[in-house]
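These notes concern the structure reproduced below.
2 protein chains.
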Amino acid sequence: MFPVCQIIASKSYTDCISPVLDTRSLTFDPDTTHNFLRLMEGNRKAHHGGGWLLSGIICINILILGCALVSGSAFNSVAITAVHRQIFLIILLLLTMLWMLFYTVITSRKDQAVLFKDSHAGPVWLQAGLVLFGLLSFLMDIFKIANYVGYLHCDSAVKVAFPVVQAVFLFVQTYFLWTHAKDCVQLHTNFTRCGLTLTLSTNLVVWMAAVTEESVHQTEIYNLNINMSQKFYRASYGDKKCKCSHSACDTFEEAFYYLYPFNIEYSLFASAMAYVMWKNVGRIVEDHSHHKVKFRPREVCLGPVTGILLVMAGLATFILYEVQILKEDREKTNAALLIHFSVNIVIVSLMSLSTVIGCIVYRLDHREHVSEKNPTRSLDVGLLVGASMGQFLISYFTIVAVVATGARGYLNALNLTWAVLVVLQLGLQNYFIIEGLHREPFHVIQEAALHTNAHALQENTELSAVVDSRRSVYFLASCPDKLSWKRRVLKEVCVFLLFANVILWIMPAFGARPQFDHSIEIYFYQYTMWTAIVNIGLPFGIFYRMHSVASLFEVHLTT
Amino acid sequence: MFPVCQIIASKSYTDCISPVLDTRSLTFDPDTTHNFLRLMEGNRKAHHGGGWLLSGIICINILILGCALVSGSAFNSVAITAVHRQIFLIILLLLTMLWMLFYTVITSRKDQAVLFKDSHAGPVWLQAGLVLFGLLSFLMDIFKIANYVGYLHCDSAVKVAFPVVQAVFLFVQTYFLWTHAKDCVQLHTNFTRCGLTLTLSTNLVVWMAAVTEESVHQTEIYNLNINMSQKFYRASYGDKKCKCSHSACDTFEEAFYYLYPFNIEYSLFASAMAYVMWKNVGRIVEDHSHHKVKFRPREVCLGPVTGILLVMAGLATFILYEVQILKEDREKTNAALLIHFSVNIVIVSLMSLSTVIGCIVYRLDHREHVSEKNPTRSLDVGLLVGASMGQFLISYFTIVAVVATGARGYLNALNLTWAVLVVLQLGLQNYFIIEGLHREPFHVIQEAALHTNAHALQENTELSAVVDSRRSVYFLASCPDKLSWKRRVLKEVCVFLLFANVILWIMPAFGARPQFDHSIEIYFYQYTMWTAIVNIGLPFGIFYRMHSVASLFEVHLTT
Numbered sequence: 231m232f233p234v235c236q237i238i239a240s241k242s243y244t245d246c247i248s249p250v251l252d253t254r255s256l257t258f259d260p261d262t263t264h265n266f267l268r269l270m271e272g273n274r275k276a277h278h279g280g281g282w283l284l285s286g287i288i289c290i291n292i293l294i295l296g297c298a299l300v301s302g303s304a305f306n307s308v309a310i311t312a313v314h315r316q317i318f319l320i321i322l323l324l325l326t327m328l329w330m331l332f333y334t335v336i337t338s339r340k341d342q343a344v345l346f347k348d349s350h351a352g353p354v355w356l357q358a359g360l361v362l363f364g365l366l367s368f369l370m371d372i373f374k375i376a377n378y379v380g381y382l383h384c385d386s387a388v389k390v391a392f393p394v395v396q397a398v399f400l401f402v403q404t405y406f407l408w409t410h411a412k413d414c415v416q417l418h419t420n421f422t423r424c425g426l427t428l429t430l431s432t433n434l435v436v437w438m439a440a441v442t443e444e445s446v447h448q449t450e451i452y453n454l455n456i457n458m459s460q461k462f463y464r465a466s467y468g469d470k471k472c473k474c475s476h477s478a479c480d481t482f483e484e485a486f487y488y489l490y491p492f493n494i495e496y497s498l499f500a501s502a503m504a505y506v507m508w509k510n511v512g513r514i515v516e517d518h519s520h521h522k523v524k525f526r527p528r529e530v531c532l533g534p535v536t537g538i539l540l541v542m543a544g545l546a547t548f549i550l551y552e553v554q555i556l557k558e559d560r561e562k563t564n565a566a567l568l569i570h571f572s573v574n575i576v577i578v579s580l581m582s583l584s585t586v587i588g589c590i591v592y593r594l595d596h597r598e599h600v601s602e603k604n605p606t607r608s609l610d611v612g613l614l615v616g617a618s619m620g621q622f623l624i625s626y627f628t629i630v631a632v633v634a635t636g637a638r639g640y641l642n643a644l645n646l647t648w649a650v651l652v653v654l655q656l657g658l659q660n661y662f663i664i665e666g667l668h669r670e671p672f673h674v675i676q677e678a679a680l681h682t683n684a685h686a687l688q689e690n691t692e693l694s695a696v697v698d699s700r701r702s703v704y705f706l707a708s709c710p711d712k713l714s715w716k717r718r719v720l721k722e723v724c725v726f727l728l729f730a731n732v733i734l735w736i737m738p739a740f741g742a743r744p745q746f747d748h749s750i751e752i753y754f755y756q757y758t759m760w761t762a763i764v765n766i767g768l769p770f771g772i773f774y775r776m777h778s779v780a781s782l783f784e785v786h787l788t789t
Numbered sequence: 231m232f233p234v235c236q237i238i239a240s241k242s243y244t245d246c247i248s249p250v251l252d253t254r255s256l257t258f259d260p261d262t263t264h265n266f267l268r269l270m271e272g273n274r275k276a277h278h279g280g281g282w283l284l285s286g287i288i289c290i291n292i293l294i295l296g297c298a299l300v301s302g303s304a305f306n307s308v309a310i311t312a313v314h315r316q317i318f319l320i321i322l323l324l325l326t327m328l329w330m331l332f333y334t335v336i337t338s339r340k341d342q343a344v345l346f347k348d349s350h351a352g353p354v355w356l357q358a359g360l361v362l363f364g365l366l367s368f369l370m371d372i373f374k375i376a377n378y379v380g381y382l383h384c385d386s387a388v389k390v391a392f393p394v395v396q397a398v399f400l401f402v403q404t405y406f407l408w409t410h411a412k413d414c415v416q417l418h419t420n421f422t423r424c425g426l427t428l429t430l431s432t433n434l435v436v437w438m439a440a441v442t443e444e445s446v447h448q449t450e451i452y453n454l455n456i457n458m459s460q461k462f463y464r465a466s467y468g469d470k471k472c473k474c475s476h477s478a479c480d481t482f483e484e485a486f487y488y489l490y491p492f493n494i495e496y497s498l499f500a501s502a503m504a505y506v507m508w509k510n511v512g513r514i515v516e517d518h519s520h521h522k523v524k525f526r527p528r529e530v531c532l533g534p535v536t537g538i539l540l541v542m543a544g545l546a547t548f549i550l551y552e553v554q555i556l557k558e559d560r561e562k563t564n565a566a567l568l569i570h571f572s573v574n575i576v577i578v579s580l581m582s583l584s585t586v587i588g589c590i591v592y593r594l595d596h597r598e599h600v601s602e603k604n605p606t607r608s609l610d611v612g613l614l615v616g617a618s619m620g621q622f623l624i625s626y627f628t629i630v631a632v633v634a635t636g637a638r639g640y641l642n643a644l645n646l647t648w649a650v651l652v653v654l655q656l657g658l659q660n661y662f663i664i665e666g667l668h669r670e671p672f673h674v675i676q677e678a679a680l681h682t683n684a685h686a687l688q689e690n691t692e693l694s695a696v697v698d699s700r701r702s703v704y705f706l707a708s709c710p711d712k713l714s715w716k717r718r719v720l721k722e723v724c725v726f727l728l729f730a731n732v733i734l735w736i737m738p739a740f741g742a743r744p745q746f747d748h749s750i751e752i753y754f755y756q757y758t759m760w761t762a763i764v765n766i767g768l769p770f771g772i773f774y775r776m777h778s779v780a781s782l783f784e785v786h787l788t789t
């Protein structure tokens, strides 16, 4: 009885419930009525007590202060050094850990704290990604500690303390998000909201700091390599009085800078999960029985086969590319870029083509759209579109640079083609995925068709006024085991796109940076600006590919 | 009968209707049923046909391409010149005007195009601001044309064409937004959505271009003034072969750069209105009778009096400041800054103090929160919080700069105090306004109290379990003409804050730029970066102050 009462009590104060609950069939007894009133009061406060407002204000303040500190330390390394920034980050990390400890030990142990779990929050790919990138970030911190210990006699101890705190934080946060990502917290809601925005903003500040640090480092390396300015070289490296006390320093430094992108990705993952948790605080999730849709790999054939072939080809050329780029020979680099660009163009063209086919089938397919509101889906779509901005940004900047300089040569032409095709592919894929997520899942239609009687069927046909749909419902009801050609095509497209996104994820995630191996954009935007664009855009692009894979899998299941 | 049917037909396909309509009392006849079905079909397509998705994709693409072009022209003035950027802008402006013409002449003339108007969209302050800033932008374009005509013999004609097109655009857009800002379009929804995002992104690209142009110009002037680098001077000015053919060129150029901030503000206003219109496409607004709340200025006294005094004092010192700054004497400048900082600190402290009082009264006041969802209000709150970021940004960057350099002297101390107080004031004011907008309007409570019977009242008291509220309801019901002290305090605070926001709007809007008259931030962040921050943040800050005034007026009316 109790949970039901609670749902009703909170109904008018939370805007998250999709279906209107039928209250007429319920009776109250005095005991539960008391609880009902208490909870009603509590819930009202939860929703309107300004907790979300306060948490928002905290988030904005930490973020903008972090932004000012990080850019201050990047543009003016005299007054604000890395040490100041790291002290600020250590404070943030400690506060966040304290709150996580409080939540794990006190809030989540209470009886009424977590009555509902959002089954869509913290999906498996996000969790797995978090652990993977968390481990690599941990490795980065170990290398950092080993490196900066060598400078302890002449540099600040904060440089060792920060990676130590961060390493602990990685464990605490990964554990916290692993166990609590699905919680819809109902107790201490105000405090939990503030804690979650603290987590969110801490991760975003860590992200900003990592992006800035990597960009500054890359710019320094670049300036060193081309030996552009002898004066600059002396200023940034030659004047360094502090020498490392052990011999492995250089190796460690190279290693941890190589691992930076994983730490950036980790922060983005954790931010996304903290944001979803924040949205879920105080939310009442209807416990819908979540149809177990069986994944039948045999249903499709062409999609997986071509997809896997694509992944193999991509992997082979990727390894070739990485090997040839390392040789630092102009001719070899150009050959590597030629292969890389060509393969990417082929992949992206095939993807665009199959997405177009999928979109046409959607037009022909008269499946109903889901009419009920679903906050998790809206959030998912928002994250997908938001993350795609990163790749959009890089591609458009490339297009402008190549077109504006009127650059000739096959490499520039390939680069331009690739950028244009990526823009096209991103737009199409976003449309395809969002459209797919908004269609009524097939098994729901099927069940409706099986349980319906002739009268209802006729009514339904009249309502939708589409002759074709009636035919397909009949068809589905009579032979549920065989796929209609439309569903089959959609499933093939989904699986193919899924594999293609996997290979497009692997290449940048494991170190392909044609953006820096090709000089046209560097020449056009100056190195500093181009590094900033790539370092901001690329992690979002990687996140986008992983997110697409998960969404395409969902679309595949419901089609 | 017809419009009612239509509302029901669209009900399940639009998520914008707040109250659930009672359908049981309605009967259908065959004729309307046909229309009902047709409309249902149409509306489903409208909502799910991908129009909003397509319009979003268009918006992202134009924005990012614009971003790439604008930053390309700022960082690399060789390959992409102002002319390329202006050609792109001319195309955008022409396309937007074409769509606006189509909408005004065809869509809006149709019978079923605009069945509903959103009474909250395009409020009077936004309309008035649009016209005011539109006129000043028009003046800017006139000056631009007059200036660039003088260079026609040796410079591109595009530089004249762009302000001409922009001037026409200003008229078309202002007329369009003036007459159609409240429309909830029901016809050609997909096309209208795309048109509105085109309008939105055009305005944002114009905004980006204006901000960049102004920043580059300010940096050039700065470098000229301090004569920092003789080489740079020659590169940017000395090499200019093109001489103006008439003598008034310099005057015109100075004049139109002075008017740039108004054009930036105009673009922001138009963007906000286009965004609200886009959100309203296909929306069904319930025609609620919109209680006419009478504005009774006699109810309050202390707030307006102190507020007007503050405005007078602010105006006097602002004029003094402007006069003294123009003299370009170090000592006079410092004296002017001293006055300006002190007055601002006094204003902001008084505001914070009164907001704290207001927040305490809210805590004591047990007025119900509005439970129904209201998209217009959510949008309003979003715009308010979003716009406040601009001022937050500037203040935090100032705080970091002053603290990090450990700058001494009374001017730095005042600057720091001001920045800290502004952050505090913004947080408090956001909280106060949002809390005020979410409270049940007083007249609604009053009516409920008057029409209620003893039983219902008792029930209500039991439910909310607050003894105080019963007393206040009795009080309100018995003497509705006299204000309770709580309402009176809240009203006084609202009016005071309103006037204080007016003076804080006037000062930056009409040219106070202490950010550039004081050197600490320029020294810390370098001139280029600081100009960018101020030119992005300040227009949002100005927008925020105007928006606050409007919101405070609304809170005042409903309290």
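Going down the list, the protein sequences come from chains A and B.
Per our numbering, residue 231 is the first one in the first sequence, and the count goes up by one each step.
Per our numbering, residue 231 is the first one in the second sequence, and the count goes up by one each step.
We treat Cβ as the ideally placed atom computed from N, Cα and C, and that holds for glycine.
Asked                                                                                                                          : Found
Local Cβ density within 10 Å of residue 508(B), reported as buried at 16 or more and exposed below that                        : buried
In DSSP terms, what residue 413(A) is bridged to                                                                               : 347(A)
Three CB pairs or more closer than 8 angstroms across the region 530–537 of chain B and the region 419–433 of chain B          : no
Sequence-distant residues of the same chain with beta carbon closer than 7 angstroms to residue 656(B), five excluded per side : 618, 621, 622
Burial state of residue 560(B), where buried means 16 or more other Cβ atoms lie within 10 Å                                   : exposed
Residue 309(A) beta carbon less than 7 angstroms from that of residue 649(B)                                                   : no
Proximity to residue 358(A) [Cα-Cα], best of 407(A), 740(A), 449(A), 643(A)                                                    : 407(A)
Integer Cβ distance of residue 731(B) from residue 654(B), believed to fall under 8 angstroms                                  : Contact doesn't hold; Cβ gap of about 15 angstroms is too wide.
Which of helix, strand or coil DSSP assigns to residue 599(A)                                                                  : strand
Proximity below 7 angstroms, CB of residue 369(A) to CB of residue 498(A)                                                      : no
Cβ-based contacts, 8 angstroms cut-off: residues of the region 755–774 of chain B near chain A                                 : 755, 756, 759
Closest by C-alpha distance to residue 361(A), when choosing among 551(A), 333(A), 715(A), 409(A)                              : 409(A)
C-alpha gap between residue 513(A) and residue 568(B), whole angstroms                                                         : 51 angstroms
Where residue 799(A) meets chain B, residues with beta-carbon distance less than 8 angstroms                                   : Residue coverage of chain A in this structure runs from 231 to 789, which leaves residue 799(A) outside it and unanswerable.
Rounded C-alpha distance that separates residue 299(A) from residue 321(A)                                                     : 14 angstroms
Simplified DSSP assignment, three categories, for residue 669(A)                                                               : strand
Supposed contact pair residue 670(B) and residue 552(B) - C-beta distance, whole angstroms, cut 8 angstroms                    : So it is not a contact: roughly 45 angstroms between Cβ atoms.
Cα-Cα separation between residue 697(B) and residue 596(B), rounded to whole angstroms                                         : Residue placement at residue 697(B) cannot be trusted, given a pLDDT of 42 that sits under 50; what the coordinates show is reported in the next sentence. Rounded to the nearest angstrom, the two C-alpha atoms are 10 angstroms apart.
7 angstroms CB neighbourhood of residue 647(B) in its chain, flanking five on each side removed                                : 575
Nearest candidate by alpha-carbon position, reference residue 722(B), set 668(B), 774(B), 589(B)                               : 589(B)
Three-way DSSP call (helix, strand, coil) for residue 472(B) in this model                                                     : coil
Whether residue 426(B) touches residue 343(B) by CB criterion (7 angstroms)                                                    : no
Amino acids of chain B, ordered along the chain, whose beta-carbon sits closer than 9 angstroms to that of residue 551(A)      : Going along chain B, no residue has its Cβ under 9 angstroms from residue 551(A), so there is no contact; the nearest lies around 26 angstroms.
Distance between residue 716(A) and residue 703(A) (C-alpha atoms, nearest Å)                                                  : Summary for residue 703(A): the model assigns pLDDT 43, below 50, so the residue's position carries little reliability, and this model does not support an answer.
Partner residues on chain B for residue 305(A), Cβ-Cβ distance less than 7 angstroms                                           : 755, 756, 759
C-alpha distance - residue 275(B) paired with residue 324(B), whole-angstrom precision                                         : The predicted position of residue 275(B) is uncertain, since its pLDDT is 41 and thus under 50; a value taken from the coordinates is nonetheless stated next. Residue 275(B) and residue 324(B): Cα-Cα distance of roughly 29 angstroms.
Interface flag, residue 585(B) vs chain A, CB-CB below 7 angstroms                                                             : no
Counted within 10 angstroms of its Cβ, other Cβ atoms place residue 455(B) as buried (16 or more) or exposed                   : exposed
Beta-carbon proximity of residue 591(B) to residue 720(B), cut-off 7 angstroms                                                 : yes
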